[in-house]
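Presented below is the structure to which this report refers.
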Amino acid sequence: MKYLGFLFILFMALVLFFGACQKWTDPPPKTDPRLDSPYCNDPAAVNYNWGFPGRPDDSVCYYPADMYKGTYVFKDSIYLSNNVFSYTYNNADTFLYMYSLSKNKMGVVGFCPNGDTLYFTVDRGLHATVDTGLNLGIGQMFCSIADTASGTIALDITDSSNRRYIVNIIVASDTGTNFHRGFAIKQ
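FYI, the numbering used here numbers position 36 of the sequence shown as 39, with every residue one higher than the one before it.
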């Protein structure tokens, strides 16, 4: 009887051992409909990885400079170097034209009456900074040889329509420094 229990356990162990040696077969693959949606896979884009998981498709990407493209009405206030208000320039005919040069570079026409372009670099947070490397880091030529500009343009986070940008440009010239603070409203 002692051997009968041992033989039963040995028999069960052999059945389990040889039964476990069957080759595994994969189940048929399932398709996930979420993997068909395109997403941007370019880290330089504003919408990088939006819609992931899915299928990488860089044609759905949009870049920082693209967010600024358009025509804007510019409402400008001028302050002197001691932060004293000088005047407000609210001419309804003052337009800024912003256009992209690359993924993160843009040009702005309309600050200067002579049609000069002011160049900016835009980061993924949509902050545009005047390119100051053109004059050894002290500013970019602005409207004349004697003037240099530095400053920023940024999205106004209090505007729910995302159409208003805050403009802060510092203009240093041979006659002093002026601060242009105002709003550019997309048309």
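Ideal Cβ placement from N, Cα and C applies to all residues, glycine included.
Pick out whichever of the options has its Cα sitting closest to the Cα of residue i.
i, options, result
"residue 153", "132, 146 and 159", "132"
"residue 188", "127, 178 and 98", "98"
"residue 165", "171, 129 and 172", "129"
"residue 105", "47, 118 and 145", "47"
"residue 113", "125, 145, 127 and 10", "145"
"residue 134", "8, 50 and 143", "143"
"residue 151", "122, 29, 31 and 162", "122"
"residue 65", "125, 182 and 116", "125"
Under 7 Å Cβ to Cβ from residue i, same chain only, skipping five residues before and after it: list those, please.
i, result
"residue 101", "71, 72, 73, 75, 109 and 111"
"residue 149", "176 and 177"
"residue 45", "51, 61 and 64"
Within its chain, find whatever has a CB closer than 6 Å to the CB of residue i; leave out the 5 residues flanking it on each side and keep chain order.
i, result
"residue 184", "80 and 171"
"residue 180", "84"
"residue 174", "145, 150, 152 and 181"
Please classify residue i: does DSSP put it in a helix, a strand, or coil?
i, result
"residue 121", "strand"
"residue 32", "coil"
"residue 1", "Summary: the structure shown does not reach residue 1, with the chain confined to residues 4 through 190, and so no result is reported for it."
"residue 55", "coil"
"residue 67", "helix"
"residue 142", "coil"
"residue 18", "helix"
Could you spell out where the beta strand (DSSP E) holding residue i opens and where it closes?
i, result
"residue 148", "147-158"
"residue 102", "98-103"
"residue 83", "73-83"
"residue 111", "108-112"
"residue 3", "Residue 3 is absent from the structure shown; the chain starts at 4 and stops at 190."
Is it buried or exposed, residue i, if we count other Cβ atoms within 10 angstroms and call 16 or more buried?
i, result
"residue 6", "exposed"
"residue 207", "Here the chain has residues from 4 to 190 only, and residue 207 is not among them."
"residue 68", "buried"
"residue 160", "exposed"
"residue 18", "exposed"
"residue 12", "exposed"
"residue 14", "exposed"
Give every residue of the same chain whose Cβ lies closer than 8 Å to the Cβ of residue i, excluding the five residues on either side of it in the sequence, and list them in chain order.
i, result
"residue 53", "42 and 43"
"residue 119", "112, 144, 145 and 146"
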